[in-house]
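According to the numbering used here, the sequence shown holds residues 123 to 556 in order.
Even for Gly, the Cβ is constructed at its ideal location relative to N, Cα and C.
Given the structure is predicted, the values throughout are model-derived calculations rather than measurements.
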Amino acid sequence: MSCDTMKPESKCVWIPGPVIIGAGPSGLAAAACLKERGVPSLILEKEGCIGSLWRLKTHDSLQLHLPKEFCQLPYVPFPSEFPTYASKQQFISYLEDYADHFGIKPMFGQEVQWAMYEETTGFWQVQTSETRYVCRWLIIASGENAEPVTPDIDGLSNYRGELMHSSTYKDGTQFKGNKILVVGCGNSGMEVSLDLCNNGAQVSLVVRDKLHILPREVFGKSTFALSVWLMKWFHVKLIDRIILLCARLILGDTNEVGIKRPEMGPLELKNYKGKTPVLDVGAFARIKSGEIKVVDGIQRFTTNYVEFLDGRVEEFDLVVIATGYKSNVSSWLKEGDFFNREDGFPKKPFPNNWKGNNGIYSVGFTKRGLLGTSIDAQRVAEDISRQWNSETKHLHLKLEEMKPRRLAVQELNSFFAFYKRKLIRNLYYLDARR
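The following block contains the structure:
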């Protein structure tokens, strides 16, 4: 599909460097690492702001789950005055300052409709509502959590009670005294339940599957930092035993409140299945005290009630769906070799997840949080900069005769065919609109 098949109202824009999809932490990290190596890039972001997931789809009391030193992006640490676990607003401020520091200016309101590689030209084409971007390299940084997940529970679509996804939940001040059911017991579900409980709601939490709950800190030290330190000397299975022993000493036996642990340890489970343990910030104490009630899985929803697996039927003022998010890459990326169409993740797991064929890359699909994002961004930038320097070094064109100008569609296609796989550093765009 070439530019001469475009709609009349669309324009075709040539980008000398990579096009990056997403202006969250992954996209910003990729752009910063490229800029440090002298490679320009363009970020396309469907929302109207940087870090849209954090800004628009998280509750107000959210904090980083890990210490800030494990969450900083390349080259720029968090401000020293920030607490160990930065708040939502502090993290958003950090992202904004990070973009300003590197002069990163995403193009907002650019939702990608599709992206595909054109064999005949050797370039990627990325289509938004009004513009088709053409580039040599494409970096997917739209994130593991692009879209909310709604569970497939019998009768849910016909339920007429008040229902919301945790992505729209902000705080529990308006729910004092209300009877609320939270569906989902990951970090989001636990934190929403705690916030509701702190604001006087009567909270029931659905715990269907086995899960690991760990204290966020062990004797004043981050559980994650302790695990990283122990990995220098011990095998993962032994570290899991140590961490679970500490968890039992600090939290007690989770089985006593109806929460069973998986047979596989938390770190091993994370490595093999990507399932993140819950890092407790206070919800488990409320569960033990009975302020947050653990309930069994849901059998079905009726018009106004919820029926549980044990046969109980209850009515709630609000149901909060906290079953997480998913990647949406498979809905718009027309490529089947690099990304898995079923889950929207690279087919190869970390650490081999970052590079595909024909100039496509991913940043932030490691299932290892912001630390994995930083590792991806450095690897991708290093690989692209090596190609950039090699190709521009051997490209001898009379650039003074090729000032940025408007080209006819036929001339644009001839240009692509002739300069296949070569970049023109000083040609900033080609507008084929007229």
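Check, Outcome
"Limits of the alpha helix (DSSP H) - the one that Leu366 falls within", "358-373"
"Cross-strand partners of Ile443 (DSSP beta bridge)", "His287, Val305"
"Lys448 and Val271 closer than 8 Å at C-beta", "yes"
"Buried or exposed (CB count within 10 angstroms, at least 16 for buried), Gly139", "buried"
"Selection from Tyr207, Arg254, Ile335 that minimises the alpha carbon distance to Leu367", "Ile335"
"DSSP three-state assignment for Ala405, whether helix, strand or coil", "helix"
"Own chain residues within Cβ distance below 6 Å of Lys415, not counting five before or after", "Ser326"
"Nearest-angstrom Cα separation, counted from Leu316 out to Lys292", "13 Å"
"Residue from Asn309, Tyr220, Ser289, Val314 with nearest C-alpha to Phe297", "Val314"
"When Gly419, Gly446, Thr425, Val442 are compared against Gly433, the one with the closest alpha-carbon", "Gly419"
"Straight-line gap, Glu203 to Asp222 (C-alpha atoms, nearest Å)", "19 Å"
"From Trp510, Gln509, Glu284, Asn480, residue whose alpha carbon lies closest to that of Thr242", "Asn480"
"Reference Asp219; option with closest CA among Ser163, Gln194, Phe230", "Gln194"
"Three-state class that DSSP yields for Gln235 in the structure shown", "coil"
"Entirely enclosed beta strand (DSSP E) segments - the region 404-436, minimum 3 residues", "414-417, 420-423, 428-430"
"Continuous alpha helix (DSSP H) stretch holding Phe341: start and end", "No alpha helix (DSSP H) contains Phe341, which DSSP labels as neither H nor E."
"Between the CA atoms of Cys134 and Lys392 - distance to the nearest angstrom", "43 Å"
"Residue nearest to Val248 in terms of C-alpha spacing, selected from Ile482, Asn475, Gly306, Tyr207", "Ile482"
"For Lys477 and Asn494, the rounded distance between their alpha carbons", "Looking at the sequence provided, one finds Gly at residue 494 rather than Asn. Answer to the nearest angstrom: the Cα atoms are 14 Å apart."
"Residue(s) in a DSSP beta bridge with Pro468", "Phe461"
"Secondary structure of Gln194, DSSP reduced to three states", "coil"
"Close beta carbons around Ile302, own chain, < 8 Å, minus the five adjacent residues each side", "Leu318, Ala323, Gln324, Val325, Ser326, Phe438, Asp439, Leu440, Val441, Val442"
"Between the CA atoms of Lys157 and Glu240 - distance to the nearest angstrom", "26 Å"
"Closer than 8 Å to chain E by CB, Arg463", "This model lacks chain E altogether, as it is built from one protein chain only."
"N-terminal and C-terminal residue of the alpha helix (DSSP H) that Lys157 is part of", "147-158"
"Beta-carbon proximity of Met229 to Ile165, cut-off 8 Å", "yes"
"For Lys354 and Ala554, the rounded distance between their alpha carbons", "Annotation note: pLDDT 35 at Ala554 (below 50); position unreliable, coordinate value reported separately. So the two alpha carbons sit approximately 56 Å from each other."
"For Lys382, the three-state DSSP class (helix, strand or coil)", "coil"
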